[in-house]
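Protein chains in written order, with our numbering: chain A, 0 to 232; chain B, 33 to 225. No residue lacks a Cβ here, since even glycine has one placed at the ideal position from N, Cα and C. Because the structure is a prediction, the values reported are computed rather than measured.
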Amino acid sequence: MNIRHNAELRQKLSSEYVLGTLKGGARRRFEGWLHDDAALRRITAEWQQRLAPMAEFSTPVAPRKQVWRNIERGLKLRPAPAAWQFWLRESLTFWRSLGIASTALATLLLVVMMSNTLAPPVISDVAMLSDGKTGTALLLTADRGHGTLEVRVIAAAPVASDKSLQLWAVPKSGNPRSLGVLADNGRATLALNQRAIGADVSLLAVSLEPRGGSLDPNGPSGPILYTGNWVKL
Amino acid sequence: MSIAPNPQQLTTWLIAAGKRDASAFRSLYDATSSKLFGFALRILHKQELAEEALQEGYVAIWNNAVNYQAHLAAPMTWMATIVRNKAFDVLRRSDDTVEIDADHFDSEVMHALQDPQATPIESLQMSGDAKALAYCMTALEGMHRQVVALAYYHDMSHSEVAQQMSLPIGTVKTWIRRSLERLRACMMKREQT
């Protein structure tokens, strides 16, 4: 059957296709015509446009939150965080560690202020890095005047001989920046610059890496052991 | 009470979802899911079945958003068509028989359809397209409107509608054909003014 020149029939079939009353063989035949007839597709689209608003004749009802969670999970819309974005995965642990860090800060400030009076370098900023459980593991002191950054171990776990600790500044966006690899005794004197103490630095972190440091230029390759943040004195 | 979402905004989100923008997709869901869930409930009546249809519908919306053509369909039209098809899939899969009630539109819309003076269609929370259709449906006879609604919401054939309404099949065919012709004429006239 040729329906190309029968305008009335084209309207009737398109409308009943959209409404749903065109069924079975007639429906399949119509879909075949749709396939090679752009004008018929347009007529059908117009009918969709006319009749589909019947969907809006119902009172809106909010679906349960579970529905979105299922959609999100089914489509894997939340990308797994990159290895160094540990605080996304373990946000609770992370915030707890900040809590511990700030409690310990009072003690530290006293130490730093005392050392300030003794030593000529002027410490402008400090950071205490901890694993969130056992208090401060590493102490960072910055001297903005001299542009130096000192790293000292307070109570870090021993590091195997084929491993190194590496210090990172994690910016608010973008990849973590390596500040340097610590010596075996856990000490390091590094240059202090915007990479380490710029306004965009949101976190300092120490990771356990193969000896010599992470092979991944974009961030840590091993686990994050300690985290902390700068405090300006 | 939410305001009918702006179609242009929906189009922007839908196109962004086609480019794998998950947050645009979330915004699209937030703006449209209540309407489409209400629609799925209308077809399926049972909460779990309607949730299943909605879930599958949005998965299909995400997967097909890249094929969405704004010049062929308004975003709500396109999404409602997908959800309707999923609802019918769910219906065919489930063992439940869905109750078919006489009142095919929610009371608010029904009142507006029956007595546009008492409940102005303009006051309903619907898109402009839906208001145009509601307005034109008021011009149909009640029984004709019911026949169209049975077919649309319950995926019924002419003979199923005839059985449901205890009418001869020829009558149903004629009513549906005439109703659709009238709707088209009415809506084209409204578009021109």
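Using a C-beta to C-beta distance shorter than 9 angstroms, which residues of chain A count as neighbours of residue i?
i: Glu-23 (chain B); result: Given a span of 33 to 225 for chain B in the structure shown, any question on residue 23 (chain B) remains unanswerable.
i: Asp-121 (chain B); result: The contacting residues do not exist; Asp-121 (chain B) stays about 13 angstroms from chain A at best.
i: Leu-215 (chain B); result: Ser-14, Arg-49, Leu-50
i: Met-158 (chain B); result: Pro-52, Glu-55, Phe-56
i: Leu-42 (chain B); result: Near Leu-42 (chain B) there are no residues of chain A at all, since even the closest Cβ is about 13 angstroms away, more than 9 angstroms.
i: Ala-171 (chain B); result: Ordered by position in chain A, no residue passes the 9 angstroms Cβ test against Ala-171 (chain B), which lies about 14 angstroms from the chain.
i: Thr-113 (chain B); result: Val-17, Gln-47, Ala-51, Ala-54
With respect to the beta strand (DSSP E) encompassing residue i, which residues constitute its N-terminal and C-terminal limits?
i: Ile-196 (chain A); result: Here Ile-196 (chain A) belongs to no beta strand (DSSP E); instead the alpha helix (DSSP H) covers 193-196.
i: Met-197 (chain B); result: Run containing Met-197 (chain B): none in the beta strand (DSSP E); it sits in the alpha helix (DSSP H), 190-197.
i: Pro-170 (chain A); result: 162-170
i: Ala-126 (chain A); result: 124-129
i: Gly-179 (chain A); result: 176-180
i: Pro-209 (chain A); result: 200-209
i: Leu-233 (chain A); result: The question about residue 233 (chain A) has no answer here: the residues shown for chain A are numbered 0 through 232.
Rounded to a whole number of angstroms, what is the C-alpha to C-alpha distance between residue i and residue j?
i: Gly-173 (chain A); j: Ala-37 (chain A); result: 48 angstroms
i: Asp-142 (chain A); j: Gly-212 (chain A); result: 25 angstroms
i: Thr-203 (chain B); j: Thr-20 (chain A); result: 14 angstroms
i: Arg-172 (chain B); j: Arg-26 (chain A); result: The residue asked about is misnamed: residue 172 (chain B) is Leu in this sequence, not Arg. One C-alpha to the other measures close to 26 angstroms.
i: Gly-174 (chain B); j: Met-197 (chain B); result: 13 angstroms
i: Leu-164 (chain A); j: His-145 (chain A); result: 25 angstroms
i: Asp-147 (chain B); j: Arg-74 (chain B); result: 22 angstroms
i: Gln-41 (chain B); j: Tyr-90 (chain B); result: 17 angstroms
i: Arg-210 (chain B); j: Lys-22 (chain A); result: 19 angstroms
i: Leu-232 (chain A); j: Ser-159 (chain B); result: 59 angstroms
i: Arg-52 (chain B); j: Gln-48 (chain A); result: 26 angstroms
i: Asn-192 (chain A); j: Lys-132 (chain A); result: 30 angstroms
i: Ala-50 (chain A); j: Ala-56 (chain B); result: The identity of residue 50 (chain A) in the sequence shown is Leu, whereas the question assumes Ala. About 27 angstroms.
i: Met-33 (chain B); j: His-103 (chain B); result: Annotation note: pLDDT 35 at Met-33 (chain B) (below 50); position unreliable, no value reported.
i: Trp-207 (chain B); j: Ile-42 (chain A); result: 21 angstroms
i: Tyr-61 (chain B); j: Ala-136 (chain A); result: 46 angstroms
i: Ser-13 (chain A); j: Tyr-100 (chain B); result: 20 angstroms
i: Glu-149 (chain A); j: Ser-129 (chain A); result: 16 angstroms
i: Leu-214 (chain A); j: Pro-62 (chain A); result: 47 angstroms
i: Gly-185 (chain A); j: Ala-48 (chain B); result: 49 angstroms
i: Ala-183 (chain B); j: Val-193 (chain B); result: 7 angstroms
i: Gly-50 (chain B); j: Ile-2 (chain A); result: 35 angstroms
i: Val-98 (chain B); j: Leu-39 (chain A); result: 23 angstroms
i: Leu-18 (chain A); j: Ala-164 (chain B); result: 17 angstroms
i: Ser-220 (chain A); j: Trp-67 (chain A); result: 34 angstroms
i: Glu-83 (chain B); j: Met-188 (chain B); result: 22 angstroms
i: Leu-224 (chain A); j: Ala-126 (chain A); result: 15 angstroms
i: Arg-72 (chain A); j: Val-122 (chain B); result: 20 angstroms
i: Ser-126 (chain B); j: Phe-120 (chain B); result: 10 angstroms
i: Arg-28 (chain A); j: Arg-77 (chain A); result: 42 angstroms
i: Ala-105 (chain B); j: Met-111 (chain B); result: 9 angstroms
i: Arg-194 (chain A); j: Arg-210 (chain A); result: 23 angstroms
Who are the neighbours of residue i on chain B, taking C-beta pairs under 7 angstroms?
i: Ala-204 (chain A); result: In chain order: nothing, as chain B lies at least about 27 angstroms away.
i: Ala-44 (chain A); result: Leu-104, Ala-105
Since residue i meets chain B, which of its residues come closer than 9 angstroms, beta carbon to beta carbon?
i: Leu-18 (chain A); result: Val-180, Ala-183, Tyr-184, Ile-208, Leu-212
i: Lys-11 (chain A); result: Arg-209, Leu-212, Glu-213
Give the range of the alpha helix (DSSP H) segment to which residue i is assigned.
i: Val-91 (chain B); result: 79-96
i: Lys-231 (chain A); result: Counting along the chain, Lys-231 (chain A) falls outside any alpha helix (DSSP H), though it belongs to the beta strand (DSSP E) covering 229-231.
i: Val-17 (chain A); result: 6-18
i: Asp-142 (chain A); result: Run containing Asp-142 (chain A): none in the alpha helix (DSSP H); it sits in the beta strand (DSSP E), 135-142.
i: Val-180 (chain B); result: 174-186
i: Ala-25 (chain A); result: 23-34
Which residues of chain A have a Cβ atom closer than 8 angstroms to the Cβ of residue i, listed in chain order?
i: Thr-151 (chain B); result: Per Cβ cutoff of 8 angstroms: no residues; Thr-151 (chain B) is ~13 angstroms from chain A at best.
i: Thr-203 (chain B); result: The contacting residues do not exist; Thr-203 (chain B) stays about 14 angstroms from chain A at best.
i: Asp-53 (chain B); result: Going along chain A, no residue has its Cβ under 8 angstroms from Asp-53 (chain B), so there is no contact; the nearest lies around 10 angstroms.
Below 7 angstroms on C-beta distance, what does residue i contact in chain A?
i: Leu-46 (chain B); result: None at all; the shortest Cβ gap to chain A is about 15 angstroms.
i: Met-219 (chain B); result: Arg-49
Please list the partners that residue i has in chain B, where partner means a Cβ-to-Cβ separation under 8 angstroms.
i: Gly-73 (chain A); result: Gln-87, Val-91
i: Lys-231 (chain A); result: None at all; the shortest Cβ gap to chain B is about 34 angstroms.
Which residues of the stretch 90-102 of chain B have a Cβ closer than 9 angstroms to any Cβ of chain A? Give them in chain order.
The residues in question are Tyr-90, Val-91, Trp-94, Asn-95, Gln-101.
Select from the stretch 48-60 of chain A all residues with a C-beta closer than 7 angstroms to any C-beta belonging to chain B, and list them in chain order.
Of all residues in the stretch 48-60 of chain A, Gln-48, Arg-49, Leu-50, Ala-51, Pro-52, Met-53, Ala-54, Glu-55, Phe-56, Ser-57, Thr-58, Pro-59, Val-60 have a Cβ within less than 7 angstroms of some Cβ in chain B.
Whole runs of the alpha helix (DSSP H) within the stretch 36-72 of chain A, excluding any shorter than 4 residues:
Listed in chain order, they are 37-50.
Runs of beta strand (DSSP E) lying entirely within the stretch 33-73 of chain B, each at least 3 residues, in chain order
Listed in chain order, nothing qualifies, since the stretch 33-73 of chain B has no complete beta strand (DSSP E) run of 3 or more residues.
For the stretch 187-199 of chain B, enumerate the residues whose C-beta is nearer than 7 angstroms to any C-beta of chain A, in chain order.
Answer set for the stretch 187-199 of chain B: Asp-187, Ser-189, His-190.
Taking a Cβ distance cut-off of 9 angstroms, strictly less, list which residues of the stretch 126-145 of chain A are near chain B, in chain order.
Those residues of the stretch 126-145 of chain A that come within reach of chain B (Cβ to Cβ, closer than 9 angstroms) do not exist; the list is empty.
In chain order, what residues of the stretch 60-77 of chain B put their CB closer than 8 angstroms to some CB of chain A?
Answer set for the stretch 60-77 of chain B: Tyr-61, Ser-65, Ser-66, Lys-67, Leu-68, Phe-69, Gly-70, Phe-71, Leu-73, Arg-74.
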